[in-house]
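What follows is a single structure, written as structure tokens, with notes after it.
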Amino acid sequence: MEGKTMTQENNSSVATVLTYDDDVLAKIAGNTVRDVDGVLSLEGNLIDSVTDRFSDETNPSTGVKVDLDNDDKEVKLAMDAVLEYGKCIPTVFNKITTKLTQTITEMTDLKPTEIKIHVKELQTRDEYMKNNQKKDKSEKKK
Numbered sequence: 001m002e003g004k005t006m007t008q009e010n011n012s013s014v015a016t017v018l019t020y021d022d023d024v025l026a027k028i029a030g031n032t033v034r035d036v037d038g039v040l041s042l043e044g045n046l047i048d049s050v051t052d053r054f055s056d057e058t059n060p061s062t063g064v065k066v067d068l069d070n071d072d073k074e075v076k077l078a079m080d081a082v083l084e085y086g087k088c089i090p091t092v093f094n095k096i097t098t099k100l101t102q103t104i105t106e107m108t109d110l111k112p113t114e115i116k117i118h119v120k121e122l123q124t125r126d127e128y129m130k131n132n133q134k135k136d137k138s139e140k141k142k
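Read in order, the letters of the sequence shown are residues 1 to 142 in this note's numbering.
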């Protein structure tokens, strides 16, 4: 993974450089979005899905793409999400963007300039829970 650099000026004569890896920003975004009411999960591509099957933990950066600008002060985020059926999708999207912007800015001092959410699936909470229980049972049998 490519490291991202952020230079901070301070009053001392020491030059300081703060660097973020894409995975760090993706983890912040993933953990933040998963806490939003109406978001059931973030989904990655086929490779992410296969990797997750062999892991005991859910990777919070799955389904999150990060693009830091050349000046390393602004970040673009894109995610594939499974949202809860029956929730107002634009309202969920607004909650996601508000919370993401606030959290990324507070934790990294970077400014999110673009947040894209691709709704990959809609499921009721019950459907989601049943599907994940089936996955857990089939993985334990392996």
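Idealized CB from N, CA, C, for every residue including glycine.
Remember, it's a predicted structure, so these values are computed and weren't measured experimentally.
Exercise for the section: Go ahead and label Thr-105 buried or exposed: buried means 16 or more other beta carbons lie within 10 angstroms of its beta carbon, across all protein chains shown. Expected result: Within the sequence shown, the letter at position 105 stands for residue 105. Residue environment analysis places Thr-105 among the exposed positions, since fewer than 16 neighbouring C-beta atoms fall within 10 angstroms of its C-beta.
Problem - CB contact below 9 Å: Leu-110 versus chain B - result: Here chain B cannot be found, since the structure has a single protein chain.
Exercise for the section: Could you tell me whether the Cβ atoms of Val-82 and Val-75 are closer together than 9 Å? Expected result: Taking the sequence shown and counting its residues from 1, the one referred to as residue 82 is at position 82. Taking the sequence shown and counting its residues from 1, the one referred to as residue 75 is at position 75. Not a contact, by the Cβ cut-off of 9 Å.
Practice task
Decide if Asp-80 is buried, meaning its Cβ has at least 16 other Cβ atoms within 10 Å, or exposed.
Solution key: Numbered from 1 along the sequence shown, position 80 holds the residue referred to as residue 80. Of the residues assessed, Asp-80 falls on the buried side of the cut-off, its CB having 16 or more other CB atoms within 10 angstroms.
Problem - Cβ-Cβ separation, Glu-43 to Lys-120 (assumed contact under 8 Å), whole Å - result: As a position in the sequence shown, residue 120 is number 120, starting the count at 1. As a position in the sequence shown, residue 43 is number 43, starting the count at 1. That belief holds up - the Cβ atoms of Lys-120 and Glu-43 are roughly 5 Å apart, short of 8 Å.
Problem - Test item: CB-CB of Thr-103 and Thr-32 under 9 Å - result: Mapped onto the sequence shown, residue 103 falls at position 103. Mapped onto the sequence shown, residue 32 falls at position 32. Going by C-beta atoms, Thr-103 is nearer than 9 Å to Thr-32.
Problem - Closest Cα partner of Lys-87 within the set Leu-40, Leu-77, Thr-16, Thr-98 - result: Within the sequence shown, residue 87 is the residue found at index 87, counting from 1. Nearest Cα to Lys-87 within the set Leu-40, Leu-77, Thr-16, Thr-98: Leu-40.
Handout entry: Continuous beta strand (DSSP E) stretch holding Leu-68: start and end
Key = Position 68 of the sequence shown, counted from the start, is the residue given in the question as residue 68. Unbroken beta strand (DSSP E) run through Leu-68: 64-68.
Problem - Inter-residue Cα distance where the pair is Ile-117 and Thr-16 - result: On the sequence shown, residue 117 is found 117 positions in, with the first residue counted as 1. On the sequence shown, residue 16 is found 16 positions in, with the first residue counted as 1. In this structure, the alpha-carbon of Ile-117 lies about 34 Å from that of Thr-16.
Practice task
Indicate whether Gly-30 and Glu-84 have their beta-carbon atoms separated by less than 9 Å.
Solution key: Walking along the sequence shown from the start, residue 30 turns up at place 30. Walking along the sequence shown from the start, residue 84 turns up at place 84. No, they are not a contact pair.
Handout entry: Sub-9 Å separation of Leu-100 and Leu-68 beta-carbons
Key = Residue 100 sits at position 100 when you count from the first residue of the sequence shown. Residue 68 sits at position 68 when you count from the first residue of the sequence shown. It is not a contact, given that the beta carbons lie outside the stated cut-off.
Practice task
Could you check which residue in Thr-113, Asp-126, Ser-13, Gln-123 has the C-alpha nearest to that of Asp-72?
Solution key: The count along the sequence shown starts at 1 and reaches residue 72 at position 72. Closest option to Asp-72, Cα to Cα, is Thr-113.
Handout entry: With 16 other Cβ atoms within 10 Å as the buried cut-off, status of Thr-62
Key = For this step, residue 62 is matched to residue 62 along the sequence shown. Its Cβ being crowded by 16 or more others within 10 Å, Thr-62 is buried.
Handout entry: Distance, Leu-77 Cα to Arg-125 Cα
Key = The residue you call residue 125 lines up with position 125 of the sequence shown. The residue you call residue 77 lines up with position 77 of the sequence shown. Arg-125 and Leu-77: Cα-Cα distance of roughly 25 Å.
Handout entry: Burial state of Val-14 (16 or more Cβ within 10 Å)
Key = Residue numbering aside, residue 14 sits at position 14 when the sequence shown is read from its first letter. Per the 10 Å Cβ criterion, exposed.
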